[in-house]
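Okay, structure first, notes after.
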Amino acid sequence: MSRMMPLIDWAQEEFGEQAPSERVLKKYAKGRMMVPPAVKVGRYWMVDREARYVGVIAEPVVPANSNPRLKRIIADGC
Numbered sequence: 043m044s045r046m047m048p049l050i051d052w053a054q055e056e057f058g059e060q061a062p063s064e065r066v067l068k069k070y071a072k073g074r075m076m077v078p079p080a081v082k083v084g085r086y087w088m089v090d091r092e093a094r095y096v097g098v099i100a101e102p103v104v105p106a107n108s109n110p111r112l113k114r115i116i117a118d119g120c
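Written out as structure tokens, the structure is:
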């Protein structure tokens, strides 16, 4: 049995019937919201079978003298 599995199959095991959509899962993968993080293999996101969803771990540190536009973008979560 392989150690890695496709992101969608992992989500079915992790969340059950309430699994997020594929689009949301890809955002989670890009944002490194799983431990250990997902890896892109070719066109597919692969996840370790033992991986767990942890969400956002840390807030970004923004210097006090940074551009107000940057602060607004980070505050909005985009």
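Heads up: the sequence shown begins at 43 in the numbering used here, then just goes up one per residue.
Glycine is no exception: its CB is placed at the ideal position from the N, C-alpha and C atoms.
Fair warning: this is a prediction, and the values are worked out from it, not measured in the lab.
Between the CA atoms of residue j and residue i - distance to the nearest angstrom
| i | j | result |
| --- | --- | --- |
| I116 | G84 | 30 angstroms |
| Y86 | Q54 | 16 angstroms |
| A114 | A71 | The residue you asked about is not Ala; residue 114 is Arg in the sequence shown. If you take the alpha carbons of R114 and A71, they lie about 24 angstroms apart. |
| P78 | E92 | 8 angstroms |
| L49 | A100 | 23 angstroms |
| Q60 | P110 | 38 angstroms |
| D118 | S108 | 16 angstroms |
| D51 | A106 | 43 angstroms |
| F57 | L67 | 11 angstroms |
| K69 | P62 | 11 angstroms |
Own chain partners of residue i with C-beta closer than 6 angstroms, once the 5 adjacent residues on each side are dropped
| i | result |
| --- | --- |
| V81 | M88 |
Other residues of its chain near residue i: CB distance less than 7 angstroms, five sequence neighbours each side excluded
| i | result |
| --- | --- |
| M75 | Y95, V96, G97, V98 |
| P9 | Nothing can be reported for residue 9: it is not among the residues displayed for the chain, which extend from 43 to 120. |
| D90 | R45, M46, P78 |
* Which runs of the alpha helix (DSSP H), 4 residues or longer, sit entirely within the segment 54-95? -> 64-72
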